[in-house]
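*Asks:*
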Amino acid sequence: MKKLFWVGIGIGVGVLVARKLNEARDLASAEGLNRTIGRFSDSLHEVAEAFRSGMNERETELRLALGLDETPGPDHN
């Protein structure tokens, strides 16, 4: 019974290692590198857009609080 348990553990570890090696090979290829850089670029654009949006909202709040704008307009970015 113990031997069967350890054989099962060995097979499971072997499968996990094989999958990780395949992932590493895919990432090392040109297409994998392009996908990784594309994902990073998309994430960076999302963060920058969220930052700009928050900055514009805060600027509108401050302008209203200081009385520089009467009402928030749709053309104020």
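If you read the sequence shown in full-length UniProt numbering, its first letter stands for residue 1, the second for the next number, and so on. Just so you know, even glycine gets a beta-carbon here, dropped at the ideal spot from N, CA and C.
#1: Return the CA-CA distance between F51 and L21, expressed in angstroms with no decimal places.
#2: How big is the Cα-Cα spacing for G18 and G12?
#3: Starting from the C-beta of G32, find all residues in its chain whose C-beta is less than 7 Å away, skip the five residues before and the five after it, and write them out in chain order.
#4: What's the gap between the Cα of A65 and the Cα of A24?
*Replies:* In short, the structure shows the following:
#1: The sequence position of residue 51 within the sequence shown is 51, counting from 1. The sequence position of residue 21 within the sequence shown is 21, counting from 1. Cα to Cα, F51 sits roughly 37 Å from L21.
#2: Taking the sequence shown and counting its residues from 1, the one referred to as residue 18 is at position 18. Taking the sequence shown and counting its residues from 1, the one referred to as residue 12 is at position 12. In the sequence on display, residue 18 carries Ala and not Gly. Put simply, the backbone Cα of A18 is about 10 Å away from that of G12.
#3: Locating residue 32 in the sequence shown gives position 32, where the first residue counts as 1. So the list reads D26, once near-sequence residues are dropped.
#4: Within the sequence shown, numbered from 1, the residue matching residue 65 stands at position 65. Within the sequence shown, numbered from 1, the residue matching residue 24 stands at position 24. Going from the Cα of A65 to the Cα of A24 covers about 53 Å.
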